[in-house]
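Quick note on numbering: the sequence shown equals residues -12 to 407 in the working numbering. Think of the CB as a built atom: it goes at the ideal place given N, C-alpha and C, for glycine as much as any other residue.
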Amino acid sequence: MDTPLDTPAYDGVRRTAPRALATEAVHAGRDDLARQGLHAPPIDLSTTYPSYDSRGEAARIDAFATTGAEPDGPPVYGRLGNPTVARFETALARLEGTEAAVAFASGMAALSAVLLVRASMGLRHVVAVRPLYGCSDHLLTAGLLGSEVTWTDPAGIAEALRPDTGLVMVESPANPTLAEVDLKAVAHACGSVPLLADNTFATPVLQRPAEHGAQLVLHSATKYLGGHGDVMAGVVACDEEFAGRLRQIRFATGGVLHPLAGYLLLRGLSTLPVRVRAASETAAELARRLAADPRVARVHYPRIGGAMIAFEVHGDPHEVIAGVRLITPAVSLGSVDTLIQHPASISHRIVDADDRRGAGVSDRLLRMSVGLEDVEDLWADLDGALGTAARPRRGADFIDIRLHRVGATDRSEPAGAGRP
Ligand SMILES: Cc1ncc(COP(=O)(O)O)c(C=O)c1O
């Protein structure tokens, strides 16, 4: 059984006991439906909301400009908020154990809004730990939003902080190496600077960063939260004060989520625990088989588990991509079907090659997002695709993997990282 989520009631709905994650996944954001005589949540596609009381509207707009709190009653305009999207935000906040959540058109729009909130307060410096998702790395490195980044390892965070540091950013498990950080220790090192933990890979099913001290929890909701490869979205779970600032930035810059996407995300959340657990079980088994395979040099699998695997092959990784038949050779992750991609060519292509390799993203690394197919069918496909890659002369020597809990994990320095 799930651990009960020990956070207060919301929505004005009376609770007698905390509800488990699996229960929240199905009911959060929907608590009012039965009383309205509804079962499926309504989709509100309005872009504008009529009102005969323009004095009242002025007061509501003033209040939003001051606090960023969601206006009582219907939104004034679609960019101020949407009732269907709000249901998803309520549900995700509940799952992450935060006061609020603010949804955006994509994960990158969500990260941009966080950076803009801090830059608008004169706090443009970011401390970040590599690897991050390639575009997040690029956004920070290129300073596209006027930020300046100091890259460090977790142990160097406290020392890297400056008076103008507005944010510390980590991913755990990280894209694509699945490296993990000790979120509690990192949050401690941040002091009063907000820690943003990208929880896209773990999802609240495996880890709730806010419980470890992260003030901001970011998701590319395009991935597991949506879960079916048909929604682009991002979301930040945080306290109500930061959420207000995010809503103001969203209103001003326009990176809103479409209501239909909000509906699909809410639906996606209801199966999130089941999907993540089932795919994780398959991923752990595939990680074990890959680790024992002489064609594979190294397997990365997180200590906390999950449905992502990264592995380095002795042969040509492009041949593995070309060789899959059941598995889809595509970037992105978190869908019901299994996807595989070559980070150095796609998800992390935009990162400078030396920085990329320095972060452990070797040119031989493949990243696989395990879906809900049968494990034997997936293994048969992988086996066939690996068969087209050259076998090493000294295979087993390079296998660098430790089994941990449900699967294999690898925290050590690569035996063959960067090996041509
Ligand atoms: C860990 C992580 N964070 C953020 C993003 C960006 O999300 P989106 O593609 O929804 O903008 C991605 C995308 O792959 C990601 O993997």
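Per DSSP, the continuous alpha helix (DSSP H) segment holding SER41 begins and ends at 41 to 54. Residue range 70 to 83 is occupied by the alpha helix (DSSP H) that includes ALA80. Counting along the chain, THR34 sits inside no beta strand (DSSP E), nor does DSSP assign it H or E at all. Non-local beta-carbon contacts of VAL263 in its own chain, meaning distances under 8 Å to residues more than five positions away in sequence, involve THR190, VAL192, LEU193, TYR211, GLY293 and ALA294 in chain order. For the set ASP324, ALA176, VAL180 and ASP59, the Cα lying nearest the Cα of ILE144 is the one of ALA176. Taking non-hydrogen atoms of ligand 1 into account, the C-beta of CYS122 is found less than 7 Å away from one of them. Rounded to the nearest angstrom, the Cβ distance from GLY242 to ALA56 is 19 Å, too far for a contact under 8 Å. Boundaries of the alpha helix (DSSP H) harbouring GLY374: 362 to 374, taken from the DSSP string. Taking 7 Å as the cut-off, one finds at least one heavy atom of ligand 1 near enough to the beta carbon of ASN162. Nearest to GLU158 by C-alpha distance, out of HIS125, ALA147, ARG276 and ASN186, is ASN186. About 22 Å separates the Cβ atoms of LEU233 and ALA129, ruling out a contact at the 8 Å cut-off. In the DSSP assignment, MET156 falls within the beta strand (DSSP E) that extends over 152 to 158. Within the same chain, and ignoring the five residues on either side of ALA12 in sequence, the residues whose Cβ sits closer than 6 Å to its Cβ are LEU256, SER257, LEU259 and PRO260. The secondary-structure analysis by DSSP pairs CYS225 across a beta bridge with ALA87.
Distance from the CA of ARG282 to the CA of HIS301, rounded to the nearest whole angstrom, comes to 6 Å. Among the bridge pairs identified by DSSP, GLN328 is matched with ARG354. C-alpha of LYS171 to C-alpha of THR240: approximately 33 Å in a straight line. Under the three-state reduction of DSSP, ASP185 is assigned to strand.
Residue environment for GLY310: buried (at least 16 other C-beta atoms within 10 angstroms of its C-beta).
Looking only at ALA142, VAL89 and ASP341, the smallest Cα-Cα distance to LEU67 is reached by VAL89. Pairing ALA270 with VAL357 gives a Cβ-Cβ distance under 8 Å. In this chain, the beta strand (DSSP E) harbouring LEU205 covers 203 to 207. Between HIS335 and GLY121, the alpha-carbon positions lie close to 4 Å from each other. In the assembly as shown, MET108 is an exposed residue. Its beta-carbon has fewer than 16 other beta-carbons within 10 Å. Per the coordinates, the alpha-carbon of LEU79 lies some 9 Å from the alpha-carbon of VAL223.
Cβ neighbours of PRO330 within its own chain (closer than 7 Å, five residues either side excluded): PRO163, VAL348, LEU352 and ARG354. Here DSSP, grouped into helix, strand and coil, assigns MET219 to coil. Straight through space, the alpha carbons of ILE48 and ASP40 are spaced by roughly 12 Å. Here the alpha carbons of ASP217 and PRO61 stand approximately 28 Å from one another.
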